[in-house]
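Per my numbering, the sequence shown starts with residue 1, numbered consecutively.
Heads up, the thing below is written out as structure tokens.
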Amino acid sequence: MNDPLEWIKEELKQIHDKQLFRLLTELETGQSPEVTIDGKRFILLGSNSYLGLSVDPKVIESARLALEKYGTGSGGSRLVSGSFDLHRELEEKIAEFKNTEAAILFSSGYLANIGTISALVGSDDIIYSDELNHASIIDGARLSRSTVRIYKHLDLNHLQELLEADKDRKCRKLIVTDTVFSMDGDLVPLPELVELSERYGCILMIDEAHATGVLGKRGSGATEHFGVEDRVPVVMGTLSKAIGSLGGYIAGSKELIDFIRNRVRSYIFDTSLPPASIAASITAIDIIGNEPQRREHLWNMVKQFKTGIENTGLQILPSHSAIIPVLIGDAEPALNFAKMLRENGVFTPAVRPPSVPHGMCRIRVTIMAKHTGEHVDTALKVFRTAYEPLK
Ligand SMILES: Cc1ncc(COP(=O)(O)O)c(C=O)c1O
Numbered sequence: 001m002n003d004p005l006e007w008i009k010e011e012l013k014q015i016h017d018k019q020l021f022r023l024l025t026e027l028e029t030g031q032s033p034e035v036t037i038d039g040k041r042f043i044l045l046g047s048n049s050y051l052g053l054s055v056d057p058k059v060i061e062s063a064r065l066a067l068e069k070y071g072t073g074s075g076g077s078r079l080v081s082g083s084f085d086l087h088r089e090l091e092e093k094i095a096e097f098k099n100t101e102a103a104i105l106f107s108s109g110y111l112a113n114i115g116t117i118s119a120l121v122g123s124d125d126i127i128y129s130d131e132l133n134h135a136s137i138i139d140g141a142r143l144s145r146s147t148v149r150i151y152k153h154l155d156l157n158h159l160q161e162l163l164e165a166d167k168d169r170k171c172r173k174l175i176v177t178d179t180v181f182s183m184d185g186d187l188v189p190l191p192e193l194v195e196l197s198e199r200y201g202c203i204l205m206i207d208e209a210h211a212t213g214v215l216g217k218r219g220s221g222a223t224e225h226f227g228v229e230d231r232v233p234v235v236m237g238t239l240s241k242a243i244g245s246l247g248g249y250i251a252g253s254k255e256l257i258d259f260i261r262n263r264v265r266s267y268i269f270d271t272s273l274p275p276a277s278i279a280a281s282i283t284a285i286d287i288i289g290n291e292p293q294r295r296e297h298l299w300n301m302v303k304q305f306k307t308g309i310e311n312t313g314l315q316i317l318p319s320h321s322a323i324i325p326v327l328i329g330d331a332e333p334a335l336n337f338a339k340m341l342r343e344n345g346v347f348t349p350a351v352r353p354p355s356v357p358h359g360m361c362r363i364r365v366t367i368m369a370k371h372t373g374e375h376v377d378t379a380l381k382v383f384r385t386a387y388e389p390l391k
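Structure follows, in structure tokens:
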């Protein structure tokens, strides 16, 4: 009998031939600036736990207490199995943190994006999406069956041309963008985008996954950084990056949140976050607000790394966050570069398509507030060594 999955062999061969096969690396320690792999210590330069909160003792203690009180799982969707006081407490905390009326939790940022986008717009509507938006935004747009207009990365002139061409179309229009782009680390000019969305009567939705905890005086994100907290109607974010836990959220008006609770399928038909993760996020958000020194140190380390890399001659893409993309080019040299880093005590994988466009493979460096100047200096030396064969 024919194997109906025979075709997978050919597909896998093609992935291998293009140097795009993905492998996992097992860490024996948590997301700290140094990790252990196969019993050896490495400097970690690939974590999104930008503030080191996933291993913070206060965060761990909150998670432990919640685990003891409520157990491991939430038992189901909140609408069916009941909601904990912790869910509400975290939603209130997020709303306060993002300076919005209300907020709602999802089990991941991915689910927040796909569910919310596909509920806000439908097959008669139009989505305007930056070409480098995260996969969860792309998938949400596909799920919505809306017409999707992709504008060139951060090119608001191009976006305006598209908006102008559609200005007589009577339908819902959604502009959606990452604020800090996940693979490039650059930042959307949010006030200008807000202007455009208001001028053309569009819903504006932003994804604050990599801005939360990093940008803004209180670490609330790009809306705070740019002072437009009251002008972005749909603010999405994750609890899985700087907040160091798990989950996603939408923050906005009370009406928007009531709508999501009643209409969004990835909220209604999904088991809610476990208590320990929720408690961890509550404490982490408190720390983000109360300990600005973590952010200050993070920015100092980012500056030190960027200056050091620029001196090596390696090319970095223009970033405004804790994500520093060191551009290599094709997949094979990028893999070799990552291998050299690994052989010399630095762990961060090469990022290849489909995460980034072909020919734009990179080492996506992420800095953490727990890195010291010594970690950064050591890492820079290793980058210089790895660069030698490419010169
Ligand atoms: C910009 C962006 N949006 C959304 C997500 C999805 O978030 P989560 O990992 O919480 O599902 C990610 C994470 O990879 C991201 O980088």
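We put the beta carbon where it would ideally sit given N, CA and C, even for glycine.
query, result
"With a threshold of 8 Å on Cβ separation, who are the neighbours of L390 within its own chain once the five nearest residues in sequence on each side are excluded?", "I328, P333 and F337"
"Would you say the beta carbon of D178 is closer than 8 Å to some non-hydrogen atom of ligand 1?", "yes"
"By the three-class DSSP mapping on this structure, what secondary structure does D270 have?", "coil"
"Using alpha carbons as the reference points, say which of K306, M236 and S123 lies closest to E91.", "M236"
"Using CA coordinates, which residue listed in D330, T366 and R384 is at the minimum distance from F347?", "T366"
"So, helix, strand or coil for D178, using DSSP?", "strand"
"Classify L23 as buried or exposed, calling it buried when 16 or more other Cβ atoms lie within 10 Å of its own Cβ.", "exposed"
"Which of helix, strand or coil does DSSP assign to Q31?", "coil"
"Rounded to a whole number of angstroms, what is the C-alpha to C-alpha distance between F84 and N48?", "28 Å"
"Hey, I206 and I243: beta-carbon distance below 9 Å or not?", "no"
"From what residue to what residue does the alpha helix (DSSP H) around Y151 run?", "Here Y151 belongs to no alpha helix (DSSP H); instead the beta strand (DSSP E) covers T147 to Y151."
"By the three-class DSSP mapping on this structure, what secondary structure does Q304 have?", "helix"
"Pick helix, strand or coil for Y110, following the three-state DSSP scheme.", "helix"
"Under the three-state reduction of DSSP, which class applies to P393: helix, strand or coil?", "Shown here, the chain extends from 1 to 391; a query on residue 393 therefore has no answer."
"Regarding S240 and ligand 1, is the C-beta to nearest heavy atom distance less than 8 Å?", "yes"
"I need the DSSP call for F97, collapsed to helix, strand or coil.", "helix"
"With a threshold of 16 other CB atoms inside 10 Å of the CB of G216, please say whether the residue is buried or exposed.", "buried"
"So, with DSSP's three-state summary, where would you put G252?", "strand"
"With respect to the alpha helix (DSSP H) encompassing Y128, which residues constitute its N-terminal and C-terminal limits?", "That residue, Y128, is in no alpha helix (DSSP H); its beta strand (DSSP E) goes I126 to D130."
"Go ahead and pull the three-state DSSP assignment for I137.", "helix"
"Alpha carbon to alpha carbon, what distance is there between K241 and F305?", "20 Å"
"Taking the continuous beta strand (DSSP E) assigned at F42, which residues delimit it?", "K40 to L44"
"Nearest chain C C-beta to T179 closer than 9 Å, yes or no?", "Here chain C cannot be found, since the structure has a single protein chain."
"Taking 8 Å as the threshold, find out whether the stretch 64-76 comes into contact with the stretch 216-226 through three or more Cβ pairs.", "no"
"With three or more beta-carbon pairs closer than 8 Å as the criterion, would you say the stretch 171-189 touches the stretch 313-326?", "yes"
"Determine the extent of the alpha helix (DSSP H) in which G221 is found, giving its start and end residues.", "Taken as a continuous stretch (DSSP letters only), G221 belongs to no alpha helix (DSSP H), as it is neither H nor E."
"Grab the span of the beta strand (DSSP E) containing D207 for me, first residue to last.", "I203 to D207"
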